[in-house]
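Participant:
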Amino acid sequence: VGLPTRGKSYIVNMLTRYLRWTGFSVQAFNAGNVRRFAGLGGIDAKFFSGDKDASSKREQLAFLCLEEALSWLVEQDDGAVAIFDATNSTIKRRSMVADRCREVEGITPLFVESICDDPAVLETNYTMKLGNDDYRGMDPVAARTDFLERVKMYEKRYETLEDSENDGLVRFIKLINIGKKVVLNNCFGYAPSHIGFYLSNIHIMPRCIWLCRHAQTKDTQNGILGSVSDVLTRRGVDYCKKLAVHVQTGLNEFDGEGRDVIVLTGTAPVHRATNDALCGTRFQNVGSTTAEQRQAMKAARNYPLMSTSLLNELDGGDCNGMSYDTIHKDYPAVWAARETDKFNFRYPGAGGESYADVVNRLKPVIIELERRRGSIIVFSHLAVQRCIFAYFTGCPMEELPHIEMDMHTVFELHPGPFGTRVETVAL
5 VGLPTRGKSY IVNMLTRYLR WTGFSVQAFN AGNVRRFAGL GGIDAKFFSG DKDASSKREQ
65 LAFLCLEEAL SWLVEQDDGA VAIFDATNST IKRRSMVADR CREVEGITPL FVESICDDPA
125 VLETNYTMKL GNDDYRGMDP VAARTDFLER VKMYEKRYET LEDSENDGLV RFIKLINIGK
185 KVVLNNCFGY APSHIGFYLS NIHIMPRCIW LCRHAQTKDT QNGILGSVSD VLTRRGVDYC
245 KKLAVHVQTG LNEFDGEGRD VIVLTGTAPV HRATNDALCG TRFQNVGSTT AEQRQAMKAA
305 RNYPLMSTSL LNELDGGDCN GMSYDTIHKD YPAVWAARET DKFNFRYPGA GGESYADVVN
365 RLKPVIIELE RRRGSIIVFS HLAVQRCIFA YFTGCPMEEL PHIEMDMHTV FELHPGPFGT
425 RVETVAL
């Protein structure tokens with residue numbers, strides 16, 4: 005629910021990514037795309053007026069989109085979410101949508117309204133909107149004039165969500181200025197409350213998330229599973245020195261809260277050692293250090309440190325302390341099971357985990373990463389890095405365990421309205 009350029013599609017993209025990552029089957033259905041597919045792309049603002057014929061055509065197309073969403077939903081197993089991305093800007097339209105949903109057994113409608121009156125955000129959204137298919141190849145001035153006229157058409161008829169709709173039974177989440185204020189109404193049950201909690205933590209502030217595997221140790225050189233050794237190699241220490249400079253350079257590109265940074269890491273000794281090397285409080289005598297590195301490491305000492313066991317390595321159970329070569333040679337059944345389904349394979353023995361288990365325990369970490377307005381450095385082992393990277397890039401779960409993330413390579417994530425921009429830097 006919402007006027008054009010109020011961030012509806014941004015919310016749809018983020019919610020789709022999060023729900024898929026947490027195990028829901030999710031599909032978005034955009035009414036504007038249905039209109040364009042029907043050959044009505046590039047039409048002018050008159051189509052969005054209160055004219056009876058135009059209104060009837062818009063309603064017909066919107067409900068065609070809704071029927072596609074409902075048809076998809078009934079074909080899914082339990083735990084599926086269809087996102088109907090449309091303006092749904094009047095009480096009458098929302099009532100019709102809710103009534104149609106309730107005709108299908110097992111489907112509960114939840115409205116999400118996005119309200120935005122921040123001039124800076126709106127101006128940015130207007131500029132981005134002019135790049136869509138409706139205005140492709142059109143003169144920018146004429147396109148902007150037409151689009152603003154379209155918005156005015158909607159504003160004349162727009163009715164915000166009210167508690168009294170559907171005899172007070174309406175479920176909704178109202179977002180004001182993308183997370184500055186959030187209102188939840190009748191959001192009972194697992195999925196609505198889960199969605200409400202997530203949407204209460206999102207924002208569009210520019211920042212950077214640096215995903216970094218911990219610095220190299222002799223155990224990681226030898227491929228030892230579950231190693232937590234805090235004895236860094238010289239190469240590992242050099243990496244931390246370069247990383248300190250790289251982060252400080254990156255922070256200088258931000259204004260405001262984006263320049264604030266914290267270090268988020270696990271509780272293993274190797275995580276602490278990596279942060280100590282970043283700050284220059286340990287391993288000072290390992291290798292040479294430039295003046296630029298010393299200055300950057302000094303700045304890193306002021307980065308707040310948050311440690312949580314949720315960021316510790318995937319637990320190898322009985323295989324902890326073994327190399328992958330040993331598992332392959334001495335435990336062929338374990339190795340074969342792992343190769344068959346690497347995402348769901350759980351290591352045998354007490355505490356043994358799968359990638360699916362790691363994804364589940366990382367849910368609070370993902371919320372923390374979404375919530376923070378400032379930039380973040382994340383130190384962890386490879387499996388955890390893969391899970392976080394997969395979330396922000398929308399990587400399918402079956403591909404997650406095969407993501408290449410080399411040692412001493414920084415993966416810079418820049419979350420944005422239409423996805424996450426990724427930069428890879430080998431140090």
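For the sequence shown, the working numbering begins at 5 and goes up steadily by one. Glycine included, each C-beta is placed from N, C-alpha and C at the ideal position.
1. Do you know how far the Cα of tyrosine 162 is from the Cα of threonine 91?
2. Rounded to the nearest angstrom, how far is the Cβ of alanine 219 from that of valine 241, given a contact under 8 Å?
3. Among Trp214, Ser292 and Cys244, which one has its Cα closest to the Cα of leucine 255?
4. How about asparagine 316 and threonine 271: do their beta carbons lie closer than 8 Å?
5. Do alanine 248 and alanine 300 have their C-beta atoms closer together than 8 Å?
6. Quick check on the burial criterion: 16 or more other C-beta atoms within 10 angstroms. Buried or exposed for serine 313?
7. Would you kindly work out how many angstroms separate the C-alpha atoms of asparagine 17 and arginine 298, rounded to a whole number?
8. Pick out whichever of Asp171, Ser233 and Leu268 has its Cα sitting closest to the Cα of valine 388.
9. Anyone know if the C-beta pair for alanine 304 and leucine 282 falls short of 8 Å?
10. Can you tell me where the alpha helix (DSSP H) with lysine 222 in it begins and where it stops?
11. Start and end of the beta strand (DSSP E) containing proline 419?
12. Under 8 Å by Cβ, that's how I've got lysine 133 and threonine 9 pegged, so tell me the actual separation to the nearest angstrom.
13. Using only alpha-carbon positions, find the residue among Ile15, Thr26, Met411 and Ser29 that is nearest to threonine 224.
14. Rounded to the nearest angstrom, what separates glycine 237 and lysine 222 at their Cα positions?
15. Can you give the beta carbon distance from phenylalanine 338 to proline 352, rounded, assuming they're within the 8 Å contact cut?
16. List the DSSP bridge partners of threonine 269.
17. Between which two residues does the beta strand (DSSP E) carrying alanine 32 extend?
18. Skipping 5 residues on each side, what residues in its chain have a beta carbon closer than 8 Å to that of asparagine 181?
19. Tell me, please, which residues DSSP counts as bridged to lysine 185.
20. Are phenylalanine 151 and aspartate 89 closer than 8 Å when you measure CB to CB?
21. Going by other Cβ atoms of all chains shown within 10 Å of its Cβ, with 16 needed for buried, is threonine 278 buried or exposed?
22. By alpha-carbon positions, which one of Gln80, Arg154, Arg104 and Thr330 ends up nearest to asparagine 226?
23. The beta strand (DSSP E) with phenylalanine 88 in it runs from where to where?
24. Helix, strand or coil for glutamate 427, going by three-state DSSP, please let me know.
25. Which of helix, strand or coil does DSSP assign to leucine 236?
26. DSSP three-state call for serine 93: helix, strand or coil?
27. According to DSSP, is glutamate 109 part of a helix, a strand, or is it coil?
28. DSSP state of arginine 211, grouped into three classes?
29. Where methionine 3 and aspartate 264 are concerned, what is the direct C-alpha to C-alpha distance, given to the nearest angstrom?
30. So valine 5 and valine 116 are supposed to be a Cβ contact under 8 Å. How far apart are they, rounded?
31. Between the stretch 392-400 and the stretch 191-211, do at least 3 Cβ pairs fall closer than 8 Å?
32. Taking histidine 385 as the reference, give the member of His250, Ile370 and Arg217 with the closest Cα.
33. Spatial neighbours of threonine 428 within its chain, please: C-beta separation below 7 Å, excluding the five flanking residues on both sides.
34. Below 8 Å, how does it come out for the stretch 103-114 and the stretch 14-30: are there three or more Cβ pairs, yes or no?
35. If I measure Cβ to Cβ from alanine 35 and keep anything under 7 Å in the same chain, skipping five residues before and after, which residues do I get?
36. For alanine 84 and leucine 74, which I take to be in contact (beta-carbon distance under 8 Å), what is that distance rounded to the nearest angstrom?
Facilitator: If we stick to the structure as given:
1. To locate residue 91, count along the sequence shown from 1; it is residue 87. To locate residue 162, count along the sequence shown from 1; it is residue 158. Spanning the two alpha carbons is a distance of roughly 9 Å.
2. By 1-based counting over the sequence shown, the position of residue 219 is 215. By 1-based counting over the sequence shown, the position of residue 241 is 237. Yes, they are in contact, since the Cβ atoms of alanine 219 and valine 241 sit about 7 Å apart, within 8 Å.
3. In the sequence shown, residue 255 corresponds to position 251, counting from 1. Per the Cα distances, Trp214.
4. Within the sequence shown, numbered from 1, the residue matching residue 316 stands at position 312. Within the sequence shown, numbered from 1, the residue matching residue 271 stands at position 267. It is a contact, given that the beta carbons lie within the stated cut-off.
5. Translated into positions along the sequence shown, residue 248 becomes position 244. Translated into positions along the sequence shown, residue 300 becomes position 296. Their beta carbons are under 8 Å apart, which means alanine 248 touches alanine 300 by this criterion.
6. Mapped onto the sequence shown, residue 313 falls at position 309. Serine 313 is exposed by the Cβ-count criterion.
7. Counting from one through the sequence shown, the residue named residue 17 turns up at place 13. Counting from one through the sequence shown, the residue named residue 298 turns up at place 294. Approximately 41 Å between the Cα atoms of the pair.
8. Within the sequence shown, numbered from 1, the residue matching residue 388 stands at position 384. Valine 388 has its Cα closest to that of Leu268, out of Asp171, Ser233 and Leu268.
9. What you label residue 304 is simply residue 300 of the sequence shown in a count that begins at 1. What you label residue 282 is simply residue 278 of the sequence shown in a count that begins at 1. The answer is yes: Cβ separation under 8 Å.
10. Locating residue 222 in the sequence shown gives position 218, where the first residue counts as 1. It spans 222-225 - the alpha helix (DSSP H) in which lysine 222 sits, taken as one unbroken run.
11. Along the sequence shown, one-based indexing puts residue 419 at 415. That run of the beta strand (DSSP E) goes 413-420.
12. On the sequence shown, position 129 is the one that residue 133 refers to. On the sequence shown, position 5 is the one that residue 9 refers to. With a Cβ gap of about 5 Å, lysine 133 and threonine 9 count as contacting.
13. On the sequence shown, residue 224 is found 220 positions in, with the first residue counted as 1. Nearest option by C-alpha distance: Met411.
14. As a first step, residue 237 is located in the sequence shown; it is residue number 233 there, counting from the start. As a first step, residue 222 is located in the sequence shown; it is residue number 218 there, counting from the start. The sequence given here has threonine at residue 237, not glycine. The straight-line gap from Cα to Cα measures roughly 7 Å.
15. Walking along the sequence shown from the start, residue 338 turns up at place 334. Walking along the sequence shown from the start, residue 352 turns up at place 348. Here the sequence assigns valine to residue 338, which means phenylalanine is not the residue at that position. Contact holds; Cβ gap of about 6 Å.
16. If you number the sequence shown from 1, residue 269 lands on position 265. Per DSSP, Ser311 and Phe383.
17. Within the sequence shown, numbered from 1, the residue matching residue 32 stands at position 28. Alanine 32 -> beta strand (DSSP E) spans 29-34.
18. Along the sequence shown, one-based indexing puts residue 181 at 177. Excluding residues within five positions, the ones whose Cβ falls inside 8 Å are Ile119, Cys120, Asp121, Asp122 and Val125.
19. As a first step, residue 185 is located in the sequence shown; it is residue number 181 there, counting from the start. Ile180, per the DSSP bridge assignment.
20. Counting from 1 along the sequence shown, the entry for residue 151 is found at position 147. Counting from 1 along the sequence shown, the entry for residue 89 is found at position 85. No. Outside cutoff.
21. On the sequence shown, residue 278 is found 274 positions in, with the first residue counted as 1. Buried, by the Cβ-count rule.
22. Along the sequence shown, one-based indexing puts residue 226 at 222. It is Thr330.
23. What you label residue 88 is simply residue 84 of the sequence shown in a count that begins at 1. Looking at the DSSP string, the run of the beta strand (DSSP E) that includes phenylalanine 88 is 84-89.
24. Here the question's residue 427 lines up with position 423 in the sequence shown. Strand, per DSSP.
25. As a position in the sequence shown, residue 236 is number 232, starting the count at 1. Residue state, collapsed to three classes: strand.
26. Within the sequence shown, numbered from 1, the residue matching residue 93 stands at position 89. Of the three classes helix, strand and coil, the one that applies to serine 93 here is coil, per DSSP.
27. By one-based count along the sequence shown, residue 109 stands at place 105. Looking at glutamate 109 - three-state DSSP - the assignment turns out to be coil, as it is neither helix nor strand.
28. Sequence index remark: in the sequence shown, residue 211 carries index 207 (1-based). Three-state result, arginine 211: coil.
29. Missing from the structure shown is residue 3; the chain here goes from 5 to 431 and no further.
30. Taking the first residue of the sequence shown as 1, we reach residue 5 at position 1. Taking the first residue of the sequence shown as 1, we reach residue 116 at position 112. About 7 Å separates the two Cβ atoms, so the contact holds.
31. no
32. Sequence index remark: in the sequence shown, residue 385 carries index 381 (1-based). It is Arg217 whose Cα lies nearest to the Cα of histidine 385.
33. Taking the first residue of the sequence shown as 1, we reach residue 428 at position 424. Contacts found: Thr413 and Phe415.
34. no
35. The residue given as residue 35 occupies position 31 in the sequence shown. Counting only Cβ-Cβ distances below 7 Å, and skipping sequence neighbours, we find Leu65, Ala66, Cys69, Asp89 and Ala90.
36. In the sequence shown, the residue the question calls residue 84 occupies position 80. In the sequence shown, the residue the question calls residue 74 occupies position 70. At roughly 11 Å, the Cβ-Cβ gap does not stay under 8 Å, so alanine 84 and leucine 74 are not in contact.
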